[in-house]
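Residue numbers for the sequence shown follow UniProt numbering, so the first one is 1 and each next one is one higher. We treat Cβ as the ideally placed atom computed from N, Cα and C, and that holds for glycine. It should be emphasised that the depicted structure is a prediction, and the values quoted were computed from it without experimental measurement. This report concerns only the one structure given below.
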Amino acid sequence: MNESSLPQKTFKIATLGCRTNQYESQAYQDQLIALGYRPAREDEEADVCIVNTCTVTETADLQSKHDVRQLSKENPQAKIVVTGCAAEQNAQIFASIKGVEHVVLNKEKDQLVQTLFPEEDVPEFSIKNFDAHTRAFVKVQDGCNEFCTYCIIPYVRGRSRSRTIPEIIDEVKDLISNGFKEIVLTGINIGDFDGNPAEGMPPHRLVDLVRAVDQVPGLKRLRISSIDPDEIDDELADAVLNGAKTCHSMHIVLQSGSNVVLKRMNRKYTRQIFLNTIDRLRQADPNFTFTTDIIVGFPGETETDFAETMEIMQEVQFAKVHMFPYSERKRTRAALMPNKVPPDVIKKRKQELLRSAEHQAYLLRERFVGQRMTVLTESGHISRPGEISGHTENFLNVWITGDFQSNELIEVDLVENTPQGLIGKFVRKV
């Protein structure tokens, strides 16, 4: 039997957690495809399974273990490899799960496929595609030096390190040549980006990277992923506000509206710094929008602390809020703090915050009814046949009726606001 008549080998990749994990899993997929593998169908056993785990919360930890066991059960003949932050935290536990062949620590993540196939010439760890997405996440930085008291990530991802601007630009060019219109620069703590300078050379800054990517031919939209308010200085604000393709929407992390809680969290900003950053951007462009992260029920959080968070939500009117109930992580300082908030109080605050977040996002969208904006189409939903959704440049969710494909730029009139998003009336393709 010749090699071409052999059945093509298959793989499955399960990804939990952050955008950085999503990027890394896409890199694994690209490497495996280059080696002649193909994604296994849902009902098909795979030859290789990779689980890219997360440990940011207890729920993520449990889901990571569940996914490994499930893949092992469904793919009994597969080589199973586990990596990511939960695997870093509990390597022995994952190694003991039936079927697991390798546990790859985070510092060796980019060598995972080479570890599986030591005799093969494995392509470099980068991406040229981003399956099932119309925006491509490009990892520019890894690790974190901040040591927030609730966060395990610096212990499992290590200290901050960055890629060089030239290698990032090459990857962005490859993605654009493959049809991607929107690029999101992402990392574990992107504000720490330094461009991996050669010895004796000055570091680059995030603003240098943003300005460089903004000039890549063919790019239509550029976004920066999660960033802290104190890392948005005047130069970075100028690059975002006045760039050719930079989007006027940012994910700026709040976590709490209480200075007391922020200090206990070891965050490097105050509520005043957060609000000043929002005001500076919104004064330059009243249509600028924001998304954020908030932790509910941090140890010692009082009703007054929680009320201060709710006040900021009402003042800013976020387009989207990612809410996390506090989850105790061993080895963090917060795990040792007194005055833990009872679970029933956390649940009540969580529900109250989510209701407010939906209401404030609705009020924000209401301001844009009657405007004409451009939408990058993404996906439909089984409950809304004949429609497709997407986001405006300033990250407003819009539904459009018509026969459109994903990844199209469409100009629409925003004619109505609904709890699920704005309704756009087609004007023209851009």
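Practice task
State the DSSP-derived secondary structure class of residue 415, mapped to helix, strand or coil.
Solution key: The residue given as residue 415 occupies position 415 in the sequence shown. Shown here, residue 415 sits in a strand according to DSSP, grouped into three states.
Problem - Whole-angstrom C-beta distance between residue 37 and residue 9, which should lie under 8 Å - result: Your numbering for residue 9 matches position 9 in the sequence shown. Your numbering for residue 37 matches position 37 in the sequence shown. Between residue 9 and residue 37 a beta carbon distance of about 5 Å is seen, short of the 8 Å cut, so the two are scored as contacting.
Problem - Nearest-angstrom Cα separation, counted from residue 387 out to residue 381 - result: For the purposes of this step, residue 381 is identified with residue 381 of the sequence shown, where counting begins at 1. For the purposes of this step, residue 387 is identified with residue 387 of the sequence shown, where counting begins at 1. Using only the alpha carbons, I get a separation of about 8 Å.
Handout entry: residue 274 in three-state terms, based on DSSP
Key = Position 274 of the sequence shown holds residue 274. Helix at residue 274.
Exercise for the section: Pull up the distance between the alpha-carbon of residue 67 and that of residue 150, whole angstroms please. Expected result: On the sequence shown, residue 67 is found 67 positions in, with the first residue counted as 1. On the sequence shown, residue 150 is found 150 positions in, with the first residue counted as 1. Using only the alpha carbons, I get a separation of about 25 Å.
Problem - Stretch pair the region 86-93 + the region 53-60: three plus CB contacts closer than 8 Å - result: Segments in contact, yes.
Problem - DSSP-derived helix/strand/coil call for residue 333 - result: Here residue 333 refers to the residue found at position 333 when the sequence shown is read from its first residue. If DSSP states are grouped into helix, strand and coil, residue 333 belongs with the helices.
Handout entry: Segment limits, beta strand (DSSP E) that includes residue 290
Key = Working through the sequence shown from its first residue, we reach residue 290 at position 290. Counting along the chain, the unbroken beta strand (DSSP E) around residue 290 starts and ends at 289-296.
Practice task
Pick out the complete alpha helix (DSSP H) segments inside the region 331-410, 4 residues or longer, and give them in chain order.
Solution key: Counting whole runs of 4 or more residues, the region 331-410 contains the alpha helix (DSSP H) stretches 343-366.
Exercise for the section: Taking all protein chains shown into account, decide if residue 5 is buried (16 or more other Cβ within 10 angstroms of its Cβ) or exposed. Expected result: Position 5 of the sequence shown, counting from 1, holds the residue named residue 5. Any reading at residue 5 needs caution, since the residue's pLDDT is 47, under 50, leaving its predicted position unreliable; the model's value is listed next. Per the 10 Å Cβ criterion, exposed.
Exercise for the section: Determine the contact status of residue 19 and residue 292, defining contact as a CB-CB distance below 7 Å. Expected result: Walking along the sequence shown from the start, residue 19 turns up at place 19. Walking along the sequence shown from the start, residue 292 turns up at place 292. By the CB criterion at 7 Å, residue 19 and residue 292 fall outside the cutoff.
Practice task
Please state whether DSSP places residue 2 in a helix, a strand or coil.
Solution key: Start at 1 with the first residue of the sequence shown, and residue 2 comes out as number 2. Here residue 2 scores only 42 on pLDDT, less than 50, and its place in the model should not be relied on; the value that follows carries that caveat. Annotated three-state conformation of residue 2 is coil, per DSSP.
Handout entry: Element boundaries [beta strand (DSSP E), containing residue 52]
Key = Counted from its first residue, the sequence shown places residue 52 at position 52. Taken as a continuous stretch (DSSP letters only), the beta strand (DSSP E) holding residue 52 covers 48-53.
Handout entry: Limits of the alpha helix (DSSP H) - the one that residue 170 falls within
Key = Within the sequence shown, residue 170 is the residue found at index 170, counting from 1. For residue 170, the uninterrupted alpha helix (DSSP H) segment begins and ends at 165-177.
Handout entry: C-alpha gap between residue 424 and residue 249, whole angstroms
Key = Taking the first residue of the sequence shown as 1, we reach residue 424 at position 424. Taking the first residue of the sequence shown as 1, we reach residue 249 at position 249. C-alpha separation (whole angstroms): 19 Å.
Handout entry: Where the alpha helix (DSSP H) through residue 261 begins and ends
Key = Locating residue 261 in the sequence shown gives position 261, where the first residue counts as 1. In this chain, the alpha helix (DSSP H) harbouring residue 261 covers 259-265.
Handout entry: Three or more C-beta pairs below 8 Å linking the region 217-235 and the region 253-267
Key = In short, these stretches touch, since the Cβ pair count reaches three.
Practice task
Output the distance between the C-alpha atoms of residue 176 and residue 133, rounded to the nearest integer angstrom.
Solution key: For this step, residue 176 is matched to residue 176 along the sequence shown. For this step, residue 133 is matched to residue 133 along the sequence shown. Approximately 13 Å, taken between the alpha carbons.
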